[in-house]
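Residue numbers (this note's numbering): 22 to 100. Cβ coordinates follow ideal geometry from the N, Cα and C atoms, glycine included. Below you'll find the structure, written out as structure tokens, and then a few comments.
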Ligand SMILES: [Zn+2]
């Protein structure tokens, strides 16, 4: 019985791993384009480069993502 439960756990783990692997293959979408696919897309702050979930980012008039209001006001970091 214990072996049967272990087998189920392994199969479930493998299925989850395969599902996660599939999500990673999806091509990244441009910020603000289209609808959300359900997976939380990540964007990089245009000022400091930190990654955050797209719904949590603030956007400027050009559609560039920022981690927060201070960096949105500061604008994109220029080299
Ligand atoms: Zn930032």
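Residues that residue i bridges to, as DSSP identifies them
i, result
"residue 92", "Its beta-bridge partners do not exist; DSSP assigns none."
"residue 27", "Note: residue 27 sits in no beta bridge, so no partner."
"residue 86", "80"
"residue 8", "No statement about residue 8 is possible, as the shown extent of the chain runs from 22 to 100 and does not include it."
Same chain, Cβ closer than 6 angstroms to residue i, neighbours up to 5 away in sequence not counted
i, result
"residue 75", "62, 64"
"residue 23", "none"
"residue 88", "66, 71, 73"
First and last residue of the uninterrupted beta strand (DSSP E) at residue i
i, result
"residue 65", "63-65"
"residue 68", "Segment: none, residue 68 is in no beta strand (DSSP E) and carries neither H nor E."
Beta-carbon proximity list for residue i, same chain, < 7 angstroms, skipping 5 on both sides
i, result
"residue 93", "79, 81, 87"
Q: Give every residue whose Cβ lies closer than 6 angstroms to any heavy atom of ligand 1, listed in chain order.
A: 66, 68, 69, 71, 87, 88, 92
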